[in-house]
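In full-length UniProt numbering, the protein residues as written are 1 to 754. Glycine is no exception: its CB is placed at the ideal position from the N, C-alpha and C atoms. Computed from a predicted structure; not experimentally measured. See structure below.
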């Protein structure tokens with residue numbers, strides 16, 4: 001690497017300028033670097049030859065003796081000029097300087113006569129184009145307007161505003177435009193101030209709002225806004241995007257004009273002028289856009305580098321501006337053409353040179369340009385080359401081994417082979433860019449390499465370099481060879497029995513198959529040697545029905561995929577239809593649609609069944625519990641009756657019954673305490689109905705009617721409340737109303753009655 005002072009670079013570059021007709025023009029160019037340095041000039045890309053009118057000075061600057069916008073032969077001195085400097089290491093080109101002739105057109109807007117009432121606002125305007133931008137001054141009655149009067153506002157674009165008009169403001173006005181090309185006067189206009197100040201209310205109104213402006217950074221923007229109304233409206237400014245306008249460099253001219261000095265890109269936006277009636281929300285608005293451009297400038301310059309032969313050189317050039325600049329690369333002053341080993345990336349911000357050689361040694365320039373200006377930066381590429389390096393490897397050959405393998409072989413270089421420490425094989429798909437290349441290192445005693453994991457039916461390029469501790473040799477000749485085509489892989493195959501004579505072969509499409517044109521299907525009876533088929537199927541087919549089969553034998557089904565390279569390996573399946581026939585005889589075919597519908601409702605049925613089952617279990621438990629308690633009481637009574645002497649029915653008498661009843665009463669008295677809990681429980685479980693709870697004794701004795709229907713009946717009433725009568729022949733006795741009731745005794749009941 002060389003120091004910055006040795007680099008060929010510009011100290012002073014030509015700049016944009018406006019030249020005066022018939023006046024001399026000097027364009028400056030100063031360069032530093034290792035001598036000797038040659039400087040030349042170009043205009044619009046064409047070399048300038050020294051002549052009487054234009055020639056180069058000793059310091060490298062260009063001198064134009066008499067600048068002319070249009071010469072007699074139709075040529076012009078206007079155009080884009082650049083300076084080129086060259087030394088032993090390369091050539092650089094300066095930025096382009098735009099040279100224009102100073103001009104001034106006629107006025108295309110002249111001031112107009114105006115009649116305005118006292119206290120109002122008057123506005124005059126004149127407009128003219130020129131290079132450079134003309135300076136416009138105003139005269140009243142042939143005398144310059146007094147700019148110290150705060151009621152008089154002069155705007156840069158040729159506008160004169162007079163507010164709070166008075167009678168003495170009446171007069172004749174005209175404007176004067178001046179630049180280095182000429183001085184011109186506009187037509188005159190008369191201002192008449194009439195009447196006195198009116199007190200009639202008038203809504204606020206904007207007479208003139210802001211115009212759309214496009215300026216460059218560091219210039220000054222004036223946004224005009226003049227409003228009228230009674231009372232006089234208040235003018236305010238804001239940005240449409242809501243961002244604050246700020247205070248630095250901001251000034252209000254007159255009664256409402258906004259001036260922004262030293263513009264930056266951040267000042268770009270839409271500005272809104274509002275005329276507000278004092279003390280109210282009544283307002284009128286107008287808006288205009290301001291676009292601030294910025295010339296291209298570099299954020300990152302390219303840096304000079306030195307690289308060995310065969311390596312990669314990368315230059316980075318990042319520029320900014322508004323609008324965003326376009327980046328162009330030059331090589332020794334000429335536009336750089338991309339190729340397989342020269343690539344531009346990231347919107348041309350990155351220049352990559354792969355596998356550099358001595359021919360790539362040059363000065364590379366980055367030109368950044370937009371509508372606001374251009375700039376350039378340069379860097380030098382030095383290619384390192386050591387003496388005594390090996391010559392390129394010889395006899396590079398590549399042979400295809402399979403669809404994924406190629407064997408590359410070579411012979412050692414013819415010269416300087418003693419210091420070789422190894423070889424590097426460079427591999428790349430022929431259709432890929434250079435940056436997709438990859439390498440494989442090989443020992444110095446090996447002269448062949450098996451390259452694997454390649455793609456079938458694909459072309460690859462190969463070249464070899466020999467390496468020493470001091471650097472690499474030049475690349476060998478490039479050889480290109482293609483891998484073999486690959487047959488498809490084995491497809492997956494499934495066999496489904498449809499009925500006693502038909503089976504269905506299905507398979508799944510898969511990218512693992514590789515490129516294939518279709519499928520071939522074969523089938524046969526296993527005891528036969530010859531297949532039926534092939535059945536050719538398209539690549540998008542995934543199923544095939546084999547019909548008219550014999551249910552008594554076993555079949556072999558074979559499927560394979562094929563392409564232009566041949567048939568792939570097959571997948572074989574065996575199938576028997578005998579079991580299907582037997583199942584069909586034993587079991588009638590099911591109604592699959594019905595089963596499917598039943599399956600859909602099975603879940604609901606299960607839920608309902610569970611609820612019903614749980615309910616039944618609860619009722620059964622309650623029934624068993626209540627029945628167990630009732631049977632317990634009944635069993636106790638039966639035991640008591642069995643312990644009482646029984647009298648035959650024929651020997652029964654009133655006395656016996658009474659005695660028997662007396663015996664029962666005595667027993668009841670003795671056991672009353674023991675049975676009280678059981679009686680309470682029985683009454684709780686089987687309460688008497690309300691209709692039977694009568695105070696009459698007749699209803700009480702009617703209770704014995706129901707008691708007679710049971711083998712055992714328990715009552716806590718006293719015995720003397722009952723009367724016993726003989727059996728009546730009527731099998732359906734009717735209760736008697738009165739103080740007593742008859743209770744028939746069943747033929748088969750126990751003798752104990754109450």
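Secondary structure at residue 169: helix, using DSSP grouped into helix, strand and coil. Under the criterion of beta carbons closer than 8 Å, residue 363 and residue 348 do not qualify as touching, at roughly 17 Å. Membership of residue 426 in the beta strand (DSSP E) is indicated by the continuous run 422-429. Beta-bridge pairing by DSSP links residue 315 to 351. If you check the CB distance, residue 134 and residue 178 come in under 8 Å. Annotation for residue 238: the continuous beta strand (DSSP E) segment containing it runs 234-239. Judged by DSSP secondary structure, residue 370 falls within the beta strand (DSSP E) whose first and last residues are 362-370.
In this structure, DSSP gives residue 130 an extended state, which the three-state scheme calls strand. Secondary structure of residue 88 (DSSP, three-state): coil. In terms of Cα proximity to residue 271, the closest of 282, 281, 291 is 291.
In the DSSP assignment, residue 516 falls outside any beta strand (DSSP E) and carries neither an H nor an E. Note on geometry: alpha-carbon atoms of residue 526 and residue 539 lie some 28 Å from one another.
Across the structure, residue 89 and residue 323 are spaced so that their CA atoms are roughly 34 Å apart. The three-state reading of DSSP puts residue 6 in helix, counting H, G and I together.
For the options 422, 76, 66, the alpha carbon positioned closest to that of residue 471 is the one of 422. Collapsing the DSSP output to three states places residue 68 in coil.
Take the alpha-carbon of residue 552 and the one of residue 578: they are about 6 Å apart.
Looking at 320, 375, 325, 302, the one whose alpha-carbon comes closest to that of residue 314 is 302.
In the three-state reduction of the DSSP assignment, residue 606 falls in the helix class. Residue 139: member of the beta strand (DSSP E) spanning 135-140, first to last residue. For the beta strand (DSSP E) assignment, the uninterrupted runs of no fewer than 3 residues enclosed by the region 217-292 are, from N- to C-terminal side, 221-223, 226-230, 234-239, 250-253, 257-260, 269-276. Residue 22 holds the alpha-carbon nearest to the alpha-carbon of residue 101 among 627, 33, 22.
For the 8 Å CB-CB criterion, residue 165 and residue 227 do not form a contact.
With at least 16 other beta carbons inside 10 angstroms of its own, residue 275 counts as buried. In this model, residue 260 and residue 242 are separated by some 18 Å (Cα to Cα). Excluding the 5 residues flanking it on each side, residue 156 has same chain C-beta neighbours closer than 6 Å at 222, in chain order. The Cβ-Cβ distance between residue 8 and residue 37 falls below 8 Å. Within the same chain, 293, 372 come within 6 Å of residue 216 by CB-CB distance, once the 5 residues on both sides are set aside. Inter-residue distance for residue 385 and residue 15 is about 40 Å (C-alpha atoms, whole angstroms). Out of 124, 105, 42, the CA that lies nearest to the CA of residue 99 is found in 42. Counting along the chain, residue 60 sits inside no beta strand (DSSP E), nor does DSSP assign it H or E at all. When rounded, the separation of the alpha-carbon atoms in residue 267 and residue 237 is 14 Å. When 318, 561, 251, 501 are compared, the shortest CA-CA separation from residue 487 is found for 561. Residue state for residue 388 is assigned as coil, using DSSP reduced to three classes.
In the three-state scheme derived from DSSP, where H, G and I count as helix and E and B as strand, residue 611 is classed as helix.
Counting along the chain, no beta strand (DSSP E) covers residue 477, and no H or E run does either.
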